[in-house]
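Structure record follows, encoded as structure tokens.
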Amino acid sequence: MEIIGNKWTALILRDLAIGSSRFCTLEKTVGKINPRTLSQRLDDLEAHGIITKQTYAEVPPRTEYTLTPKGYDLIPVLEAMATWGDKHFNTNC
12 MEIIGNKWTA
22 LILRDLAIGS
32 SRFCTLEKTV
42 GKINPRTLSQ
52 RLDDLEAHGI
62 ITKQTYAEVP
72 PRTEYTLTPK
82 GYDLIPVLEA
92 MATWGDKHFN
102 TNC
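Position in the sequence shown (from 1) plus 11 gives the number in the working numbering.
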């Protein structure tokens with residue numbers, strides 16, 4: 012729970028559930044996240060086996076992040092948490 016409870020992690024997982032993504036794309040879609048924080052969250056998720064990092068030998072190098080099967084297993088949990096929040100808290104505050 013500690014890993015997905017970190018600020019920004021749920022948004023990163025939400026975006027990766029759609030498909031593989033590059034760092035710069037995640038930086039834009041996640042919101043006002045500091046690049047250093049994004050890098051730390053991605054490193055943590057990779058260390059826990061929730062995402063993989065694939066670097067392609069291109070010029071310039073291209074790196075993509077993808078959910079692992081373990082990561083995809085988290086998506087229904089995050090969706091359930093979002094549904095619960097929508098049901099029990101007023102989102103128009």
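Ideal placement from N, C-alpha and C gives every residue a C-beta, glycine not left out.
Measure the alpha-carbon distance for residue 63 versus residue 100 and round it to whole angstroms. 34 Å
Looking at the structure shown, is residue 43 part of a helix, part of a strand, or coil, going by DSSP? If DSSP states are grouped into helix, strand and coil, residue 43 belongs with coil.
Could you give the first and the last residue of the continuous alpha helix (DSSP H) run that contains residue 62? Note, residue 62: premise wrong, no alpha helix (DSSP H); beta strand (DSSP E) at 62–67.
Short Cβ contact (9 Å threshold) for residue 55 with residue 40: no
Find the nearest neighbour of residue 84 within the set 38, 45, 52 and 61, judged by alpha-carbon distance. 61
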